[in-house]
Structures are given as C-alpha cells and as structure tokens.
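Trainee: Under numbering that gives the first Met the number 0, the residue at position 93 of the sequence shown is numbered 92, and the numbers go up by one with no gaps. Backbone N, C-alpha and C define an ideal beta-carbon position, used for all residues, glycine too. One structure is given below, represented as structure tokens, and several questions about it will come after.
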Amino acid sequence: MKHLTRLLFIVTVMLTFVLALPLVAQDEVQANKAVVTNYLDFVYNQMNLEGASTLLADTAVFHDPIWDSRDISGFVNNYRQFYQRVTERKITPYVMIAEGDVVAVPYLWEGRKYPQEPRAAYEPLSGNAVEFFRVQDGKIVEIWRQYEQHDFSILGSAEDYR
Numbered sequence: 000m001k002h003l004t005r006l007l008f009i010v011t012v013m014l015t016f017v018l019a020l021p022l023v024a025q026d027e028v029q030a031n032k033a034v035v036t037n038y039l040d041f042v043y044n045q046m047n048l049e050g051a052s053t054l055l056a057d058t059a060v061f062h063d064p065i066w067d068s069r070d071i072s073g074f075v076n077n078y079r080q081f082y083q084r085v086t087e088r089k090i091t092p093y094v095m096i097a098e099g100d101v102v103a104v105p106y107l108w109e110g111r112k113y114p115q116e117p118r119a120a121y122e123p124l125s126g127n128a129v130e131f132f133r134v135q136d137g138k139i140v141e142i143w144r145q146y147e148q149h150d151f152s153i154l155g156s157a158e159d160y161r
C-alpha cells in the first residue's frame with residue numbers, strides 16, 4: 000500500500016508538470032502576441048510612438064534594411080519622418096505566427112502621399128512587409144523588419160492603383 004501511494008503521488012506530480020507546462024507555454028505565446036498586436040496598433044493606426052515605446056525594452060534593437068538607427072531614439076525619429084510623408088496609413092496582417100518568444104507578422108501596408116510630396120498629391124502607396132519580434136518579460140527586445148513597396152504606373156492614379 001505504501002508503494003502504491005508513493006507511485007500515485009509520483010504519477011500525479013509528473014502528470015501535473017506534463018499537462019501544465021504546455022498550458023503555461025500557450026499563455027506566454029498568447030501574451031507575446033498581445034504585446035505585438037498592441038505595438039502594431041500604436042505604431043501604424045494610432046501613430047502613438049510614446050505608447051509603442053512603453054512596449055519596448057530599454058535595450059531594444061531594430062534590424063531594418065533602410066534605416067541606419069538601431070535603438071529606440073532612432074526608431075522614434077524614423078517613424079516621425081514616415082508619418083510626415085505618408086497619410087492614411089494602415090496595415091492588414093495576413094497572419095500572426097508565434098512560437099516561444101518569437102512572433103512573426105507578415106502584412107500589407109497602405110497609405111497615400113501627402114500633397115507636398117513630390118509627384119502626384121495623395122498618390123497611393125502600398126507594399127508587403129514582415130516583422131519578426133522577440134519578446135521577453137512582456138517587452139519587445141528585438142525587431143527585424145523587411146518590406147517592399149509596390150510599383151505603380153507612371154500615371155500614379157487611384158484607378159491605376161486598383
């Protein structure tokens with residue numbers, strides 16, 4: 000009886016860990032996806048860089064093929080320039096994929112040029128992009144970004160865009 004009680008205790012402890020660990024990992028993945036969703040909303044929909052910065056670790060690193068800056072102050076400066084050049088910005092994520100501390104978001108980005116921009120006023124802009132985020136302790140610690148801009152005809156009209 001004593002051995003049976005010990006065996007049942009050991010089996011119970013093992014099952015608790017085996018069954019509970021995947022749930023904890025799932026919770027972490029969902030929390031990481033929520034952080035990234037909030038970040039994307041702050042940056043692209045609300046244009047709230049201060050809010051987005053609260054989701055970044057103090058030592059967050061950015062990997063971007065266009066912008067030279069790799070830290071938070073560079074991130075803020077670069078997006079302020081982007082906001083001054085593109086209006087009616089929005090992103091449409093295709094999917095959000097997460098595993099462990101990495102979240103990947105491929106998306107379509109769209110907007111229009113401001114009237115003071117060279118060439119056609121309010122010319123439509125769009126492209127595909129993907130951002131990879133590494134999240135630790137509820138903060139984004141690293142972002143990799145790759146994007147492309149779609150080409151438009153020489154007319155640059157909304158009709159051409161469609």
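Would you call Val23 buried or exposed, if buried means 16 or more other Cβ atoms sit within 10 Å of its Cβ?
Mentor: Within the sequence shown, the letter at position 24 stands for residue 23. Residue confidence is low: Val23 scores 49 on pLDDT, short of 50, so the model does not pin down where it sits. Its coordinate-derived value is still stated next. So Val23 ends up on the exposed side.
Trainee: Measuring CB to CB, does Val85 end up less than 8 Å from Gly110?
Mentor: Translated into positions along the sequence shown, residue 85 becomes position 86. Translated into positions along the sequence shown, residue 110 becomes position 111. The answer is yes: Cβ separation under 8 Å.
Trainee: Grab me the residues of Ala19's own chain with a C-beta within less than 8 Å of its C-beta, minus the 5 sequence neighbours each way, in chain order.
Mentor: In the sequence shown, the residue the question calls residue 19 occupies position 20. Confidence is the limiting factor: at Ala19 the pLDDT is only 47, short of 50, which leaves the residue's position unreliable and the question unanswerable from this model.
Trainee: Just verifying my parser: in three-state terms, what is the DSSP assignment at Gln115?
Mentor: In the sequence shown, counting from the first residue as 1, residue 115 sits at position 116. Under the three-state reduction of DSSP output, Gln115 falls in the coil class, being neither helix nor strand.
Trainee: Are three or more beta carbon pairs between the stretch 64 to 81 and the stretch 89 to 99 nearer than 8 Å?
Mentor: no
Trainee: Here's the rule I'm using: 16 or more other beta-carbon atoms within 10 Å means buried, otherwise exposed. How should Glu98 be labelled?
Mentor: In the sequence shown, residue 98 corresponds to position 99, counting from 1. So Glu98 counts as exposed.
Trainee: Going by alpha carbons, who is nearest to Asp26 out of Asp100, Phe131, Lys112 and Gln148?
Mentor: Indexing the sequence shown from 1 puts residue 26 at position 27. Minimum Cα distance to Asp26 is reached at Asp100.
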